[in-house]
Amino acid sequence: MLGNLLLRAVERAERIHQAMLSRGFNGSLPIPRGNGWRAAETLFVVFCGAAFLAIRATDLPLLLGRALLAIAR
639 MLGNLLLRAV ERAERIHQAM LSRGFNGSLP IPRGNGWRAA ETLFVVFCGA AFLAIRATDL
699 PLLLGRALLA IAR
């Protein structure tokens, strides 16, 4: 019983290995060389940080409720 399990595991590993080879896997992971930090990333981080701080500093549900009530009138 244990031998059968081992044989099935080995056969499955061989099938997985063959599938990886057919998809072009050569044993190493490609590491892309980035261009570094750009201004777009800086603006994104600053905008998200400012939005987070603005939401934390205000009572957003109250402001939205007042705006919706003003529109409904």
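Be aware that the sequence shown starts at 639, since it is given in our numbering, and climbs by one per residue. Ideal Cβ placement from N, Cα and C applies to all residues, glycine included. As the structure is a prediction and not an experimental result, all values here were calculated from the model.
When DSSP states are grouped into helix, strand and coil, G674 belongs to the coil group.
Taking C-alpha positions only, A705 is separated from I693 by approximately 16 Å.
Ranked by Cα distance from N664, the first of G672, P670 and H655 is H655.
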